[in-house]
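See below for the structure under consideration.
4 protein chains.
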Amino acid sequence: MQLEKYKIDEFNYAQQAAHTRKFEFLAEGLSNVEDVLQKLVDFQIAIPSWALGTGGTRFGRFSGGGEPRSLEEKIEDVGLLHSLNRSCGAISLHIPWDIPQDYQATKSLAAQYGLTFDAVNSNTFQDQANQQKSYKFGSMQHTDKAVRQQAIDHNIEVIKHGIALGSESLTVWLADGSSFPGQLNFRKAFQNTLESLQEVYAAMPDNWKMYVEYKAFEPNFYSTTIGDWGQSLLLANKLGDKAYTLVDLGHHLPNANIEQIVSLLLMEGKLGGFHFNDSKYSDDDLTAGSIKPYQLFLIFNELVEGMDARGMNHATDLGWMIDASHNLKDPLEDLLQSVQAIMIAYAQSLIVDRTALAEAQQNNDVARAQEILQDAFRTDVRALVAEAQVRAGGASNALQLYRQLKVRENLIQERGLKTVSSGL
Amino acid sequence: MQLEKYKIDEFNYAQQAAHTRKFEFLAEGLSNVEDVLQKLVDFQIAIPSWALGTGGTRFGRFSGGGEPRSLEEKIEDVGLLHSLNRSCGAISLHIPWDIPQDYQATKSLAAQYGLTFDAVNSNTFQDQANQQKSYKFGSMQHTDKAVRQQAIDHNIEVIKHGIALGSESLTVWLADGSSFPGQLNFRKAFQNTLESLQEVYAAMPDNWKMYVEYKAFEPNFYSTTIGDWGQSLLLANKLGDKAYTLVDLGHHLPNANIEQIVSLLLMEGKLGGFHFNDSKYSDDDLTAGSIKPYQLFLIFNELVEGMDARGMNHATDLGWMIDASHNLKDPLEDLLQSVQAIMIAYAQSLIVDRTALAEAQQNNDVARAQEILQDAFRTDVRALVAEAQVRAGGASNALQLYRQLKVRENLIQERGLKTVSSGL
Amino acid sequence: MQLEKYKIDEFNYAQQAAHTRKFEFLAEGLSNVEDVLQKLVDFQIAIPSWALGTGGTRFGRFSGGGEPRSLEEKIEDVGLLHSLNRSCGAISLHIPWDIPQDYQATKSLAAQYGLTFDAVNSNTFQDQANQQKSYKFGSMQHTDKAVRQQAIDHNIEVIKHGIALGSESLTVWLADGSSFPGQLNFRKAFQNTLESLQEVYAAMPDNWKMYVEYKAFEPNFYSTTIGDWGQSLLLANKLGDKAYTLVDLGHHLPNANIEQIVSLLLMEGKLGGFHFNDSKYSDDDLTAGSIKPYQLFLIFNELVEGMDARGMNHATDLGWMIDASHNLKDPLEDLLQSVQAIMIAYAQSLIVDRTALAEAQQNNDVARAQEILQDAFRTDVRALVAEAQVRAGGASNALQLYRQLKVRENLIQERGLKTVSSGL
Amino acid sequence: MQLEKYKIDEFNYAQQAAHTRKFEFLAEGLSNVEDVLQKLVDFQIAIPSWALGTGGTRFGRFSGGGEPRSLEEKIEDVGLLHSLNRSCGAISLHIPWDIPQDYQATKSLAAQYGLTFDAVNSNTFQDQANQQKSYKFGSMQHTDKAVRQQAIDHNIEVIKHGIALGSESLTVWLADGSSFPGQLNFRKAFQNTLESLQEVYAAMPDNWKMYVEYKAFEPNFYSTTIGDWGQSLLLANKLGDKAYTLVDLGHHLPNANIEQIVSLLLMEGKLGGFHFNDSKYSDDDLTAGSIKPYQLFLIFNELVEGMDARGMNHATDLGWMIDASHNLKDPLEDLLQSVQAIMIAYAQSLIVDRTALAEAQQNNDVARAQEILQDAFRTDVRALVAEAQVRAGGASNALQLYRQLKVRENLIQERGLKTVSSGL
């Protein structure tokens, strides 16, 4: 399904008066509106190819309809999102679920939607049909060198696909770990992992980045070999300048202060990117900003502060991706909600009065520092985000338009009710 | 220190244009403005007498200055807060820290500030100087009947003070529990507690309520005898119609869904009241809304829904109290921030489109239901709260005026720098 | 595969000297050996039919081999376990995964292995192939009465199967809940659930029990409608005398004091039964006793104390079941380890010096109370468990014999390497 | 109070038959008894000077009697413990609570009890009476260089005391952090801390070690500047070869896998030492091994494995300290219980069949690996520990003798009932 531009224009036209009222009210109270708008326009969040179908839990899955049946349809779905909000200008592929058959055709298709290829993702947490060795007891940590080699080779293969598509980064998430005390020698598991990653690292082009993702637990339930930011950073430092830590919001122990981790990784020059989602209990993979929107804002507050302190480009110097599971909602609606929440948090962090904050911090004026952050967070910046998206060619309310246009109904008609997207 | 009304008027006059711009913008988008404003005017949050001094942890305390040295000065402090925001029209006393010497004088003083006496609080978690028996191993759960009797007698004494002051409820928080496996027979501890509470219950006037507070842990570190809402409800049901559960936000295990607990307690007709605060790790006793403002909103969302379903009066049918500790900030500033956060959350919950929400819930339209709640939460309702407070005679920005008037500096001058308030 | 008795005898004979040395040493230090042995012999733990195949997570599953392909083979597997340790004399079926075709034949088969049918389990957390209505948004809580009716009918169907097989209890675990704020009206969800359960309850024979299981989260990630023991108890009380709470060790928020919950439920006469497993992070479904063996002991300590206080029969008055997932280990080995850990914890709790403990508790002698429990826990009771199992006709070390006999290799030969058991 | 040796001999004589029976039974089943015994004899756990008095929480404190009133009496108390179990041969002082007046006299007194001086501890988390600057907003992280300098100077002062007493390590625990979002610039706080530590580091003699302790939260409730092992390791690496990470068991987020952290820190050559205690909820400071004895064993399992892999001396190459609070029990009894639990865990880890474990790990035989660890843990090694302590001149059951000798009653008689020990 292709979204004609005129439908967006029609929608925006109908919304214009209301939008203008809100935007002008808001703009009047802000000093840096144009700068903020440009940053919002530039900011693009990659959509992972596996998030376009209905997700599930170990207890089951309740499929929706009209799910993409191929890589092409996945690109089409992301293209659709991007047409609507102009904030999803990239797709993050997952191998082997999305192996392109014809690189040129795939690139053309993406270009047609204005999409680039963000980080490519390897998968060594499942066994594929024709696989020689099993990852049951880990991949890069495995006690058997042959298994490790298989995992290394797979990652190198993924890099090749990425190069062909114009991607410039590899995300490595390892499920490796153990479920019972005694199962693993932690030290050897770590060293095997390091050596395996070193071989993959060596195969990366010079302009590539490796994102080393960490996770506290699941699918292993006693230990994870890259379990927290400390372990990821240790690996990234040992690997070299092209290796970075990737932070997934859901991959932490209860109550972890993620914004502090972000700040310190930026300080060390080792923050690579983000997987956005939200959670209440563990790695719930819920819509970004749906449970703890203030935390999301606080993280962006550190990102903006830390990137500015290093003179980094917000839009291009870190990898921004969503990594959520859509068990109950229409995946496309869910993604639109996630993107919106991320854009709101980013916008709020851009209007923080940093001079006043720095001064309050210097004077230990705790109440004032809190006021400054809450002032930004309590500001209704939705019109700011809408204005940026409209200026970039999108709709002033992407989700509303999506529903008006009955996109899902159309997709079901095109693709059928019982399609199942590849992926988790 | 008395706050003259003209100072508030002067302040509001200076802020008027800016406030009006915001309020009118906001009001234009709302359908029930006057109703919301009236509810905000009526809503009063009790300030606990122990929260007016600097708090601390077991590692130490860093005193501020100008702390109230007597019950009279505590009342004066709450009066000051109430003058500023018109939302703190009650004080919650803690016996034995606040034993009134002359009931009539105390009542007059409070009335002069427009304050009433909310729930009175007993203390059986510390040993007082002249106490016969020790609460080291518990009070109402104690294996020794003499200790239990002492705790019962103390609570009855507290009720008497409350009656004399016009209070109509007793909050019972028991630190009782155990720190090591084996220390307690859980069942007997529960039954002793029940029997003790029954004696206190019998001593309460008919128009009184008993609030049975629960807490997951601390100061006992293995079990707490009234440890969760289930245990509190069990006790409240066994005690009778005048007994209710009191919910303190910080008194839960990690990740507990407090809004669901609130909803179910309302369903059972057994929710008595609230202790507001916020936390990241455990019972951190931080400023309300400073860590998880969306959770605070979700709780109010259930309160409004559940109270309306039962035809309850928001302002009078539940007890609303702050219970925080002010370790780093000026206690009065901290309380103003807490009250503001609570009023904002309440205001947001009042503008939720309940018809649309009920419809979305009925249709399992999850994305829509989320949109409806987030729409209310993302709305900047500060001008609504300010308007209500101004209409009630307060300042359009209480904290800002507090700072402008240099209230703390005045209090230090009056009371001295090294005062230490009674309490924790 | 059938296990001939002589193989057990041969094994025991070979182990006899070593076993006797240990048992006699242990027995010499105990006063109530024969009583303890009899209780251990009588104690039987039900094996759930779904635990006989390899489990997995939402990230995938790594199958083993020789998994049971039918209800008959599941019974055979449990029979095998029971032959080995004489402590697994019951099987707990899960409908629709285990619908018997011929009740008489199924009962005969079970009887042949000395097995009875423990609680039957319904499943309304997944959609089955030919199902009319979807449980995507819940079953008994659903806003649509037709969905609720379907769930009710299914449960009544399950009861019928149970009656035919001689089962006397129904375990109801509902995944019902919500993943996003706003999705559910908590109160209505609770009331719908209650009304649905009432219809099922009415269909139960008088001698049956209903076990109402609770779970904090997963597969729903914002709220669960029967989320903690308080909610389960509320339902059980409203349902009537045949309804009880079932405790699954993994279904709690972090740090919950499960042993206290057990004690209070026993006090209320509302503890129905147990699902044993262990966990480090959330509902990890690990081998019982593999992570927190002291917690398992403390739970048994309360069970023994509480049941004795009510004059209950340890073996028959509560339902004892394992509910674990075997992702990495041979399921049969894993179950043998779980049963062994449970028997050890039970044995340790039987040798606690209860008179001394009661006295220490009465005197608040905390150090002494801790010593008494730790004395029992630190005692190596494995020879006691072995003696009981040998006396009952089992092996003195079931796991060792299982490996010696190469049971898994035999099962693979019989059933094939690529079988997949029905279930999760 | 001095403990005459003949009383220990008398006690051991009376216990001898029972002890010998147990020890011989145990020894018969072990291959490396003499080696284990020697390691147990050599293993010494430092007692912190602040743990000899009754502890408390922010809610209050319930004093015991006979608490040490001076540094001399603290040394006397540790000497008493060491006489009883011969496993507490060191004391860890806390400045400014334990400033020695006469180094030579203090050293002589300690030597008389066979005690050495373990790590000295600085305190910048409280304000002392005559202090120039306040640590309310941190010490080494402070925005004001003058406060940082005060903290640096204090630490250098502590080192001087340590040198004079023969200590060779400094433990730095910083409470520094923040309680509200916005309060701190995380990066600057980290860098200030690093620079401050560098100055202290420079003042340490070459043979000294600096232990950088971390803690997740409390007394700050939003962020801690040295909050986890990753941050501590980052600092230790930047500081140099003499800086190490110190692990306190209670200072972690819920469910953290501490044994894995230990293994990785050993791998990096950066594990410095331990603070032993136990907890259920947060930093509960309970008796070691009283809540999660299996975790304590698993930690020792990694310690033994990792130290052996690096050829380290168990007794001397790491710092072993207790850091608990004794709120309910007699502190000396509590410490005896902690030491006993630690010795048991250490003994169990010494009898793990490491060859078999390595083989099971290599083959991913998860069930077998679990069996091997559980076999050691389930073994009742108390007679092994007792034998070692008797051989070293201690009692076969220190706690029992302590009670028989009525030590506490004697101390109360000597020192009075209302003494309050300096410290928390």
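If you read the sequences in order, they're chains A, B, C and D. If you count the first sequence from 1, position 70 lands on 70 in full-length UniProt numbering, and the numbers rise without skipping. If you count the second sequence from 1, position 66 lands on 66 in full-length UniProt numbering, and the numbers rise without skipping. If you count the third sequence from 1, position 171 lands on 171 in full-length UniProt numbering, and the numbers rise without skipping. If you count the fourth sequence from 1, position 344 lands on 344 in full-length UniProt numbering, and the numbers rise without skipping. Note that the Cβ used here is the ideal one computed from N, Cα and C, for glycine as well.
Residue range of the unbroken beta strand (DSSP E) whose run includes residue i
i: Ser167(A); result: Note, Ser167(A): premise wrong, no beta strand (DSSP E); not H, not E.
i: Met312(C); result: Met312(C) -> no beta strand (DSSP E), and no H or E assigned at all.
i: Leu239(D); result: Unbroken run through Leu239(D) is the alpha helix (DSSP H), 229-239; no beta strand (DSSP E).
i: Pro331(D); result: Element bounds for Pro331(D): not the beta strand (DSSP E) but the alpha helix (DSSP H), 331-350.
i: Tyr211(B); result: 209-213
7 angstroms Cβ cut-off: residues of chain C touching residue i
i: Asn255(D); result: Pro254, Lys280, Tyr281
Interface partners of residue i on chain A, CB under 7 angstroms
i: Glu333(B); result: Ala367
i: Phe25(B); result: Phe25
Residue-chain proximity (residue i, chain B), Cβ-Cβ < 8 angstroms
i: Asp241(C); result: no
i: Lys406(A); result: no
i: Gln337(A); result: yes
i: Asn313(D); result: no
i: Asn327(D); result: yes
i: Leu357(C); result: yes
Test: residue i CB closer than 8 angstroms to a CB of chain C
i: Phe217(A); result: yes
i: Ile299(B); result: no
i: Leu52(A); result: no
i: Thr20(D); result: no
i: Thr57(A); result: yes
i: residue 425(D); result: Residue 425(D) falls outside the range modelled here, since chain D spans only 1 to 424, and no answer is possible.
Residue-chain proximity (residue i, chain D), Cβ-Cβ < 8 angstroms
i: Gly182(A); result: yes
i: Tyr222(B); result: yes
i: Asp330(C); result: yes
Residues near residue i by beta carbon distance below 6 angstroms, same chain, minus five either side
i: Gln141(B); result: Asp176, Ala189, Asn192, Thr193, Thr225
i: Gln337(B); result: Thr287
Chain-ordered chain A contacts of residue i [CB-CB under 9 angstroms]
i: Gly60(C); result: Phe125, Gln126, Asp127, Tyr135, Ala175, Pro219, Leu424
Same chain, Cβ closer than 8 angstroms to residue i, five either side skipped, listed in chain order
i: Phe43(B); result: Ser87, His314, Ala315, Trp320, Met343, Tyr346
i: Leu239(D); result: Leu194, Leu197, Gln198, Tyr201, Met210, Val212
Cut-off 7 angstroms between Cβ atoms - residues of its own chain near residue i, not counting five sequence neighbours on either side
i: Glu333(D); result: Leu399, Tyr402
i: Ile156(C); result: Val200, Ala203
i: Thr379(D); result: Gln348, Ile351
Within chain D, the residues that residue i reaches when beta carbons sit closer than 8 angstroms
i: Gln132(A); result: Chain D residues near Gln132(A): none, gap ~16 angstroms exceeds 8 angstroms.
Partners in chain C for residue i, counting only beta-carbon separations shorter than 8 angstroms
i: Glu387(B); result: What Glu387(B) touches in chain C: nothing, since even the nearest Cβ is about 27 angstroms away.
Minimum Cβ-Cβ distance from residue i to chain A less than 8 angstroms
i: Glu168(D); result: no
Contact test: residue i Cβ vs the ligand FMN heavy atom, cutoff 7 angstroms
i: Lys5(C); result: This structure does not include the ligand FMN; it has no bound ligands of any sort.
Per-residue contacts from residue i into chain D (C-beta, under 9 angstroms)
i: Asp285(C); result: Within 9 angstroms Cβ-Cβ: nothing; Asp285(C) doesn't reach chain D, min ~15 angstroms.
Delimiting residues of the alpha helix (DSSP H) encompassing residue i
i: Val79(A); result: Looking at the sequence itself, residue 79(A) is Gly, so the reference to Val does not match. Taken as a continuous stretch (DSSP letters only), the alpha helix (DSSP H) holding Gly79(A) covers 71-85.
Residue i: contacting residues in chain B (beta-carbon distance under 8 angstroms)
i: Ser179(D); result: Asp284, Leu286, Asn327, Leu328
Chain-ordered residues of the stretch 256-267 of chain C with a beta carbon less than 7 angstroms from chain B: Ala256, Asn257, Gln260, Ser263, Leu264, Met267
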